[in-house]
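> After the C-alpha cells below, expect a handful of questions from me.
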Amino acid sequence: MKSIKLYDSLKKTQLDYDSCGRSTINIYSCGPTVYDHSHIGHARSSITWDFIVRFLRSIGYTVVWTRNITDIDDKIINKSKDLKMHPDKVARIYSHSYHEDMINLNVDWPDYEPHATQYLSHMYSFIEKLIKKGAAYVIDSDVYFSIASFKHYGCLKGQPVEELEKGFGRVEPNPRKKHPLDFALWKGVKEENEYSFESPWGKGRPGWHLECSAMCDSLYGTNLDIHCGGDDLIFPHHENEIAQSEMASGPFARYWLHNGMIMVNGKKMAKSDGNFITIKEALKTTSGNAIRFFVLNSHYRMPLNYTEEGIQAAQNGINRLSEALSDINFNPYLITSIENDFIKEFNEVLSNDFNSPQALAILFKITDTINIEKNKNKKEELQKTLIVLSKILGFNLIDNNDISLKENTLSKLIDKLLGWRSDYKTKKEFENADKIRNLLKDSNIEIKDLPNNQIKWQIKL
RNA sequence: GGCGGCUUCGCCAAGCGGUAAGGCCGAGGUCUGCAAAACCUCUAUCGGCGGUUCAAAUCCGCCAGCCGCCUCCA
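Remember, my numbering sits 496 above the position in the first sequence when you count from 1.
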C-alpha cells in the first residue's frame, strides 16, 4: 500500500498516515445543514473530500465514507416558519437540492449518509452514557456537556480553557450552565408547540455537536480513522465532538482534516453575510467540471478567492483537457490498468497531503504530450492515462466531449450542417459557410477545420 | 484580548533549504479563405527590513497589509 502524508489539524503537523495494518480507512466528513440551497463553499468541501476518497481508493485502500445530513436545526425550523411548511419537508427539499448539486459536480455518493433525525435513540443512549460518567448534567429538560470533565478541552483549537473563556465576552452567558463553555447536548422546548422529539428528558431537540458524535459512534464505534470538515468547524463543533466522544467511548478520530474557506472579495463566503453564490447559480454559466477544476487548482487547506474570472479560467482549462480526448476511438469506459511515469508522479504528489494543484499540472503535461504524439498506440495510451487520472480527480472529461452525443440526432444535425458548410467552402461561398459556423458557435458548438478536410466539433461552455 | 493562517508573473495558484510548477489572459510566429484548435517562441526572484547558511520564496527576528476562529457556518 502506498504511504501517504497528511496534515493533521489536531497535532498541527504533517504526518505519515499510519494504516495500523488495515487496508480499510473509515472517513467521516461533515455534510450540510439543509435549510437552503448549497453554495460554492459547500461545493469546495464536498469536492475536496470526494477527491481524497477517490484517490485513496485508487491507490488500493478500501474507504468507507460517511457524510451526514443535519436535518434538524434551528435554521431549518426558522425556514419552515417562513415557508409555512413542516421542518421535515424543508429538510427533504434541500437535501434533494444538495444531491442534485453533488450529481452535477460529479461528487460520488458516500457509503453512508446518516440523517440526524434517524439517530435519536442512539443520541439518547450517548447522552445517558455521558451523564453516568459525570460528563453531562441535566437542568430541567436541557442536558449540557461539562467541559470541566474533559481535561483536553481546547486541544483542537490549540488553546487552554482559560484563553477560550476570554473570547467569550461577546456572548451572553447562559446562567443555567455551570461553565460558560458548556454546550447543549439536548435542548428542551421553550414553547409547547415547538417542533420537537420525545426524549428521556422531555420534549426537545438534539444539540448540533452531538449528532456527529452519535452517528460516528453508531457507524464506526472507535474505529474512525479520519474526520474532516471545513476549518470553520474546528471550534466549537469539532472541539465539542472530541470532548463528547472521548468521554463517552474513548479514542475518537485518529486524524483531522480541514479544508480552507472560499472567499469573496477577501471575505469568507457565508450565508449569514449574504456574499454567497449558490452552486445552482454558478452552474448556469459554467460546468461542474469547471467548478471542480477551480477548487482543485488550489491546495485544499488554503483559502480560495472566488471570482468570475477564476471560474472562466477553470472552464477554459477544462476545455483544453477535453480537447485532447476529442478524437479517441476506443471505449473510454473499458480501460485496463496501465502504468507509466505520469501515473507514478501523479500518485507521488497526491500522496503528499493531497496536492491537487500539482496533480492538475501533470494532467496538462500529459495533454501537451498527447497533442504532439504522432504514434497512434502511444497517443492512445496517453489518452487513457489522462482519462484514468482525471477520473481520480473526479473529472468527467468524456461526457464533456459528448462521445455519446455523436450517436444521436443532434449529432446528425450538426454533421448535416457541417456538410453544407463544406459544400459552401468548396464553392468558395465563404459568407454562407461562416453563417453556419456562427450559428453553431451561438449554440456553444465550436468547429475546427483540421488538415485533410477533417472537421472536429466540440461543445464549449 | 487570545489562537491560527495568508502576502509568489496582469489574474488564479504550486513550492517547505539547492537556485521560481501549472492554469488563464496577452504578444509574435507556423497552419488556414478567414476563424478556431494544435504546435513553436516570449512574460516574475517571491510584501518590506535585518539575520542564520556555502546556499533562503523556503529557517529565525522585526515591520506592514489582509483574513479566519473564539456566536450559526463547509
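Ideal Cβ placement from N, Cα and C applies to all residues, glycine included.
For residue 590 versus residue 849, is the C-beta distance shorter than 8 Å?
In this structure, residue 849 does not lie closer than 8 Å to residue 590 by Cβ.
> Would you kindly work out how many angstroms separate the C-alpha atoms of residue 864 and residue 858, rounded to a whole number?
Their backbone Cα atoms lie some 10 Å apart in a straight line.
> Over the uninterrupted beta strand (DSSP E) stretch that includes residue 712, give me the two end residues.
Premise fails: residue 712 lies in the alpha helix (DSSP H), 704-716, not in any beta strand (DSSP E).
> So residue 894 and residue 828 are in contact, right, with Cβ under 8 Å, and what is the actual spacing, rounded?
Contact holds; Cβ gap of about 5 Å.
> Could you say which of 744, 726, 732 lies nearest to residue 718 if we only look at CA atoms?
Minimum Cα distance to residue 718 is reached at 744.
> Among the candidates 750, 749, 764, whose CA atom is the shortest distance from the CA of residue 756?
For the residues 750, 749, 764, the minimum Cα distance to residue 756 belongs to 764.
> I believe residue 800 touches residue 758 by the beta-carbon criterion, under 8 Å. Please report the beta-carbon distance rounded to the nearest angstrom.
Their Cβ separation, rounded to whole angstroms, is 5 Å, which keeps residue 800 and residue 758 in contact under 8 Å.
> Which whole-angstrom value is the C-beta distance of residue 632 and residue 702, which I expect to be below 8 Å?
Not quite, the Cβ-Cβ distance comes to about 13 Å (not below 8 Å), so this is no contact.
> Three or more C-beta pairs under 8 Å: does that hold for the region 802-811 against the region 623-642?
Touching, no, given that fewer than three Cβ pairs across the two stretches are closer than 8 Å.
> Taking the alpha helix (DSSP H) that residue 874 falls in, what are its first and last residues?
Element bounds for residue 874: 872-888.
> Evaluate the contact criterion for the region 562-574 versus the region 612-621: three or more CB pairs, one atom per stretch, below 8 Å.
Short answer: they touch.
> For residue 898, I'd like the list of residues in its chain whose CB is within less than 7 Å of its CB, leaving aside the five on either flank, ordered along the chain.
In this prediction, residue 898 scores a pLDDT of 49, lower than 50, which makes its location untrustworthy; the coordinate-derived value is nonetheless stated afterwards. Answer for residue 898: 955, listed in chain order.
> What is the DSSP secondary structure of residue 756, counted as helix, strand or coil?
It is coil, neither helix nor strand.
> Is the number of C-beta pairs between the region 592-603 and the region 678-691 that are closer than 8 Å three or more?
Verdict: no, contact absent.
> Under 6 Å Cβ to Cβ from residue 604, same chain only, skipping five residues before and after it: list those, please.
Excluding sequence neighbours, residue 604 sits near 546.
> Please say whether residue 635 and residue 588 have beta carbons closer to each other than 8 Å?
The answer is no: Cβ separation not under 8 Å.
> Measure the alpha-carbon distance for residue 789 versus residue 847 and round it to whole angstroms.
Taking the straight line joining both Cα atoms gives about 19 Å.
> How is the alpha helix (DSSP H) around residue 684 delimited, first residue to last?
Looking at the DSSP string, residue 684 is not in any alpha helix (DSSP H); the run it does join, the beta strand (DSSP E), is 679-684.
> Kindly give me the distance between the Cβ atoms of residue 741 and residue 731, rounded to whole angstroms, as I take these residues to be in contact under 8 Å.
Going by Cβ atoms, the distance from residue 741 to residue 731 rounds to 16 Å, so no, they are not a contact pair.
> What's the gap between the Cα of residue 725 and the Cα of residue 709?
When rounded, the distance between both Cα atoms is 14 Å.
> Would you kindly report the start and end of the unbroken beta strand (DSSP E) that includes residue 594?
Not the beta strand (DSSP E): residue 594 falls in the alpha helix (DSSP H), residues 583-600.
> Does DSSP put residue 525 in a helix, a strand or coil?
Strand, per DSSP.
> Following the continuous beta strand (DSSP E) through residue 472, name the residue where it begins and the one where it ends.
The question about residue 472 has no answer, for the chain in this structure spans 497 to 957.
> Ends of the alpha helix (DSSP H) at residue 916?
Counting along the chain, the alpha helix (DSSP H) containing residue 916 begins and ends at 905-922.
> Roughly how many angstroms separate the alpha carbons of residue 690 and residue 761, rounded to a whole number?
Cα to Cα, the separation comes out at about 39 Å.
> Please report the distance separating the alpha-carbon of residue 733 from that of residue 705.
Cα to Cα, residue 733 sits roughly 6 Å from residue 705.
> Have a look at the DSSP bridge pairing and note the partners of residue 952.
According to DSSP, which records beta bridges pairwise, residue 952 is partnered with 944.
> Determine the DSSP secondary structure at residue 630, reduced to helix, strand or coil.
Residue state, collapsed to three classes: coil.
> What's the C-alpha gap between residue 622 and residue 573?
Rounded to the nearest angstrom, the two C-alpha atoms are 24 Å apart.
> Is residue 563 near residue 527, with beta carbons less than 8 Å apart?
Yes, these two residues count as a Cβ contact at 8 Å.
> Return the CA-CA distance between residue 823 and residue 577, expressed in angstroms with no decimal places.
Between residue 823 and residue 577, the C-alpha separation is close to 54 Å.
> Are the beta-carbon atoms of residue 754 and residue 505 separated by less than 8 Å?
In this structure, residue 505 lies closer than 8 Å to residue 754 by Cβ.
> Could you tell me whether the region 871-884 touches the region 832-839, where touching means 3 or more Cβ pairs closer than 8 Å?
At 8 Å Cβ cutoff, the stretches touch.
> Return yes when the Cβ of residue 543 is within less than 8 Å of the Cβ of residue 778, no when it is not.
No. Outside cutoff.
> Applying the criterion that 16 or more other CB atoms from any shown protein chain within 10 Å of the CB defines a buried residue, is residue 713 buried or exposed?
It counts as buried.
> Check for me: the alpha helix (DSSP H) holding residue 698 runs from which residue to which?
Counting along the chain, residue 698 falls outside any alpha helix (DSSP H), and DSSP gives it neither H nor E.
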